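Novice:
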Ligand SMILES: Cc1ncc(C[n+]2csc(CCOP(=O)(O)OP(=O)(O)O)c2C)c(N)n1
Ligand code: SF4
Ligand SMILES: [Mg+2]
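Numbering (our numbering), first residue to last: 28 to 368.
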């Protein structure tokens with residue numbers, strides 16, 4: 028679906044832009060008939076990026092498919108806060124898998140639908156970064172290499188939040204978690220470990236891979252809708268701040284998600300069949316310090332004396348992404364969102 032670019036967002040929201048767009052180009056959430064797949068009453072913390080991302084992603088998937096979606100959900104915060112048995116906030120067919128097998132359960136559902144000839148019903152698998160990047164990774168890679176007809180969504184809050192903020196393979200260097208204490212010469216999570224799930228997904232050359240953040244919700248909706256245009260395996264990796272685990276203010280969730288992109292630390296892009304086809308440009312690169320400071324998980328970098336050496340290493344990572352993905356806007360005119368018309 029063509030993606031209307033809105034250039035004049037003042038506070039980072041697209042609310043004003045929505046009003047000025049044709050009705051059929053407004054965001055899914057702007058529609059009265061949105062499906063509210065993750066409805067009110069769930070128990071996520073205030074400012075939870077995962078709850079926001081899941082609501083937008085699933086509502087967009089529902090709109091793209093005429094409300095024909097089945098979701099398989101790994102164990103993790105998203106499952107626990109939404110579905111304390113016998114209650115549930117989900118308003119779609121939804122199944123709770125194990126922590127490590129959501130991609131396999133999603134594959135099974137897709138296979139059953141194929142046998143039944145139900146090409147109209149689409150499957151979404153979803154989980155946190157631990158469920159996706161760590162324990163579920165073998166199932167996910169299998170789902171990719173078989174090109175199973177599933178969109179898998181990873182909500183990346185960069186640690187195992189549900190069980191008390193333990194490090195995952197998506198935890199960034201220097202971050203303090205319950206298992207990476209801010210002590211010693213290399214405080215927090217060490218450099219040189221972890222994995223880049225979107226790039227690994229791309230290496231499988233599956234039809235569609237994209238990244239998004241909860242700061243650019245129209246872009247997130249667009250990527251879900253675009254993913255639904257493909258058959259076969261698709262992967263969407265969404266950056267979702269976690270106020271509890273990161274020690275950030277709940278009202279800063281969107282700001283932090285915007286800063287991670289504007290620093291270059293989290294490249295926002297989309298790829299088809301293993302090739303990058305679009306990147307969300309940065310108008311002005313923000314120093315990583317601005318992103319790190321509002322989060323207590325990085326507080327040990329700003330003590331007395333501050334760890335400027337560690338901050339410089341994080342800056343190097345951001346700069347590398349800027350060069351690698353060509354993230355800086357050349358004209359300075361504005362960010363180019365993937366698929367913009
Ligand atoms: C085999 C197995 N090991 C450990 C657990 C405990 N467990 C449940 S959720 C979770 C962490 C989830 O982390 P993540 O996938 O990142 O989701 P988040 O809670 O951060 O959204 C763990 C360790 C489990 N349910 N099953
Ligand atoms: S701990 Fe983090 S991911 Fe879990 S509900 Fe709270 S804010 Fe969301
Ligand atoms: Mg997590």
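In this text, a Cβ means the ideal position worked out from N, Cα and C, and glycines have one as well. Note that this is a predicted model, so its numbers are computed, not measured.
Which one of 239, 168, 172, 118 has the shortest CA to CA distance from residue 127?
Specialist: When only C-alpha atoms are compared, the closest one is 168.
Novice: Over the uninterrupted alpha helix (DSSP H) stretch that includes residue 162, give me the two end residues.
Specialist: From DSSP, residue 162 is part of no alpha helix (DSSP H); its letter is neither H nor E.
Novice: Is it right to say residue 235 is buried, meaning 16 or more other beta carbons lie within 10 angstroms of its own, or is it exposed?
Specialist: Buried is the call here.
Novice: Would you check if the distance between the CB atom of residue 272 and the CB atom of residue 217 is smaller than 8 angstroms?
Specialist: Taking 8 angstroms as the Cβ cut-off, residue 272 and residue 217 do not qualify as a contacting pair.
Novice: Are there 16 or more other CB atoms within 10 angstroms of the CB of residue 100, so buried, or fewer, so exposed?
Specialist: Residue 100 comes out buried.
Novice: Please give the ranges of any beta strand (DSSP E) in the stretch 208-281, keeping only runs that are unbroken, at least 3 residues long and fully inside the region.
Specialist: Runs found: 235-240, 261-266.
Novice: Taking residue 180 as part of the beta strand (DSSP E), name the residues at either end of that continuous run.
Specialist: Unbroken beta strand (DSSP E) run through residue 180: 177-183.
Novice: Just to confirm the assignment, what range does the alpha helix (DSSP H) spanning residue 22 have?
Specialist: As shown, the chain starts at 28 and ends at 368. That puts residue 22 outside it, with no answer to give.
Novice: Taking the continuous beta strand (DSSP E) assigned at residue 186, which residues delimit it?
Specialist: Per DSSP, residue 186 belongs to no beta strand (DSSP E) and is neither H nor E.
Novice: Hey, quick one: how far does the alpha helix (DSSP H) through residue 339 stretch, first residue to last?
Specialist: Element bounds for residue 339: 335-352.
Novice: Say yes only if the C-beta of residue 155 is nearer than 7 angstroms to one or more non-hydrogen atoms of ligand 3, and no if none qualify.
Specialist: Yes, Cβ of residue 155 sits closer than 7 angstroms to a heavy atom of ligand 3.
Novice: Exposed or buried, residue 348, counting other C-beta atoms within 10 Å across all chains shown (16 or more means buried)?
Specialist: Looking at its Cβ environment, which holds 16 or more other Cβ atoms inside 10 Å, residue 348 is buried.
Novice: Count the other CB atoms within 10 Å of the CB of residue 184; is the residue buried (16 or more) or exposed (fewer)?
Specialist: So residue 184 counts as buried.
Novice: Below 7 angstroms, is the gap between the Cβ of residue 249 and the nearest heavy atom of ligand 3?
Specialist: No; taking the cut-off as 7 angstroms, the Cβ of residue 249 has no heavy atom of ligand 3 nearer than that.
Novice: DSSP three-state call for residue 355: helix, strand or coil?
Specialist: In the structure shown, residue 355 sits in a strand (DSSP, three-state: E or B).
Novice: Considering residue 135, what are the terminal residues of the alpha helix (DSSP H) in which it resides?
Specialist: Here the alpha helix (DSSP H) through residue 135 covers 129-143.
Novice: To the nearest angstrom, how far is it from the Cα of residue 324 to the Cα of residue 219?
Specialist: If you take the alpha carbons of residue 324 and residue 219, they lie about 18 angstroms apart.
Novice: Is residue 199 a contact residue of ligand 5, with contact defined as CB to any heavy atom under 7 angstroms?
Specialist: Ligand 5 is not part of the structure shown, which contains ligand 1, ligand 2 and ligand 3 as its ligands.
Novice: Determine the extent of the beta strand (DSSP E) in which residue 376 is found, giving its start and end residues.
Specialist: What the structure shows of the chain is the stretch from 28 to 368, and residue 376 is not part of that stretch, so it cannot be assessed.
Novice: According to DSSP, is residue 313 part of a helix, a strand, or is it coil?
Specialist: Coil.
Novice: Please look up how many angstroms separate the CB atoms of residue 305 and residue 316, rounded, as I've assumed it's under 8 angstroms.
Specialist: About 29 angstroms; that fails the 8 angstroms criterion.
Novice: Output the boundary residues of the beta strand (DSSP E) element that contains residue 108.
Specialist: Run containing residue 108: none in the beta strand (DSSP E); it sits in the alpha helix (DSSP H), 104-109.
Novice: With respect to 7 angstroms, is the separation between the Cβ of residue 112 and the closest non-hydrogen atom of ligand 3 below this value?
Specialist: Checking every heavy atom of ligand 3 against the Cβ of residue 112, none is found closer than 7 angstroms.
Novice: Give every residue of the same chain whose Cβ lies closer than 6 angstroms to the Cβ of residue 80, excluding the five residues on either side of it in the sequence, and list them in chain order.
Specialist: 182, 241, 265, 267, listed in sequence order.
Novice: With distances taken from CA atoms, which of 111, 144, 345, 203 is nearest residue 328?
Specialist: Looking at the Cα atoms, 203 is the closest of the given residues.
Novice: With a cut-off of 8 angstroms on the beta carbons, I'd call residue 255 and residue 178 a contact; round off their distance for me.
Specialist: Yes, residue 255 and residue 178 are in contact; Cβ-Cβ is about 7 angstroms, under 8 angstroms.
Novice: Is DSSP giving residue 296 helix, strand or coil here?
Specialist: Strand at residue 296.
Novice: With respect to the beta strand (DSSP E) encompassing residue 150, which residues constitute its N-terminal and C-terminal limits?
Specialist: Start and end: 149-155.
Novice: When you compare each of 332, 285, 295 to residue 318 by their alpha carbons, which one comes out closest?
Specialist: Nearest C-alpha to residue 318: 285.
Novice: What do you get for residue 78, buried or exposed, if any count of 16 or more other CB atoms within 10 angstroms of its CB means buried?
Specialist: That one is buried.
Novice: Assuming residue 244 contacts residue 83 under a Cβ cut-off of 8 angstroms, what Cβ separation, rounded to an integer in Å, is found between them?
Specialist: Rounded, the Cβ-Cβ distance is 5 angstroms, consistent with contact.
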